[in-house]
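Reading through the structure tokens given below for one structure.
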Amino acid sequence: MTFVKVIIAYLLYFLLAAALFLVVLFPDQAVTAYLDARLAAFDPSLSLLAETIRPTLPPGIKMTGVDLIRANVRLARFDDARMSPDLATLLQAKKQVRLEARLAGGSLNGLAVLTGTEPGGPLQAQADLFEIHLDQLEAIKANTRFSLSGSLNGRITHDGSRASEGGGTTNGSLAVSELHITLKAPYFGIGEIVMVQTNAEFSVSGGNLRLKSLAFDGPMLEGKITGTIDLRNPIEQSRLNLTGNAKPKPELIARLQETIPQGAVNTRTLGTRGLTFRVRGSIDSPDVSMR
Numbered sequence: 005m006t007f008v009k010v011i012i013a014y015l016l017y018f019l020l021a022a023a024l025f026l027v028v029l030f031p032d033q034a035v036t037a038y039l040d041a042r043l044a045a046f047d048p049s050l051s052l053l054a055e056t057i058r059p060t061l062p063p064g065i066k067m068t069g070v071d072l073i074r075a076n077v078r079l080a081r082f083d084d085a086r087m088s089p090d091l092a093t094l095l096q097a098k099k100q101v102r103l104e105a106r107l108a109g110g111s112l113n114g115l116a117v118l119t120g121t122e123p124g125g126p127l128q129a130q131a132d133l134f135e136i137h138l139d140q141l142e143a144i145k146a147n148t149r150f151s152l153s154g155s156l157n158g159r160i161t162h163d164g165s166r167a168s169e170g171g172g173t174t175n176g177s178l179a180v181s182e183l184h185i186t187l188k189a190p191y192f193g194i195g196e197i198v199m200v201q202t203n204a205e206f207s208v209s210g211g212n213l214r215l216k217s218l219a220f221d222g223p224m225l226e227g228k229i230t231g232t233i234d235l236r237n238p239i240e241q242s243r244l245n246l247t248g249n250a251k252p253k254p255e256l257i258a259r260l261q262e263t264i265p266q267g268a269v270n271t272r273t274l275g276t277r278g279l280t281f282r283v284r285g286s287i288d289s290p291d292v293s294m295r
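Quick note: the sequence shown uses the working numbering, first residue 5, plus one each step.
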């Protein structure tokens, strides 16, 4: 009996020692390097920086204070994130990893399917976004022309299994409720536009973003935008090729009549035909024409 107790005591000692070394000597730099390599396969300018990276039980990795960085600019900060492998797939060719994270007052739940062990190997992933507060995203807060607020929900999927498509294809379906667009400098006397509901459908492939539909509806304005964006680095230099139509509602028409020069726009047909417009140029310097 004493021999059994000694054996159990040694087993417990080794288990505790292994757990201690796993936590204290956990290879957080190696984990960060692997994640950076995965991001680089998707976009070479993306990287992650975490305050802490620790193993967790059930088996997985937990990170806190995670910054998503693009070209040395912080796009978003995750309060914490947890990645855990699907143990049933560890010995299979395609391994599944689940992701849970807290971001901008909301949450993100995702699933990634990895093929092979190389960081640049094919990746398939999907992520569901819940109640993300736009005004808490660093990428939006950094804008000097306007600010956004509202609640973002939706799903983003990525299929990197086709190497011929330049890193794969990403598709998204997003919805923002109670979108507030506040202009830093009022335009024609208008400083804020409110959209009750805004929905976007898009795809990204080979450095080109195709905006299938951006539909918006609010008490002052409704409309739809489609087109493409040729993505460049830095993002502000991306080239725009968009068309759309916007129909002002009575409240906005009344305000426009007070600020737009007489005869510049036929306010009688604004509410029925709306304004058809084209957007060219770059994100940093857009060129808008109307007809």
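Just so it is clear, CB atoms sit at the ideal spot from N, CA and C, and this is done for glycine as well.
With a beta-carbon spacing of about 15 Å, F220 and T186 fall beyond the 8 Å limit used to define contacts. Here L52 is buried: its Cβ has 16 or more other Cβ atoms, across all protein chains shown, within 10 Å.
Considering only T174, D163, I197 and M87, the residue with the shortest C-alpha distance to P252 is I197. Annotation: the continuous alpha helix (DSSP H) that includes I144 extends over E142 to K145.
Note on the segment 40 to 78: whole beta strand (DSSP E) runs with a minimum of 3 residues are 50 to 60 and 64 to 74, in chain order.
A direct Cα-Cα distance of roughly 30 Å separates L141 from D90. Each residue's CA atom was taken as its position, placing R86 and R243 some 36 Å apart. Under the three-state reduction of DSSP, Q96 is assigned to coil, being neither helix nor strand.
For S181, the closest of T36, L152 and I287 by C-alpha to C-alpha distance is L152.
Listed in chain order, the alpha helix (DSSP H) elements of length 4 or more contained wholly in the segment 142 to 223 are 142 to 145. Secondary structure of L91 (DSSP, three-state): helix. Collapsing the DSSP output to three states places D288 in coil. Collapsing the DSSP output to three states places L107 in a strand. Straight-line spacing of the CA atoms in Q128 and M67 works out to 22 Å. A direct Cα-Cα distance of roughly 42 Å separates T280 from D83. Sequence-distant partners of N212 (beyond 5 residues in either direction) whose C-beta falls short of 7 Å from its own C-beta, in its chain, are T232, D234 and L235. In chain order, G158, R159 and E205 place their CB closer than 7 Å to the CB of S177, counting only its own chain and leaving out the 5 sequence neighbours on each side.
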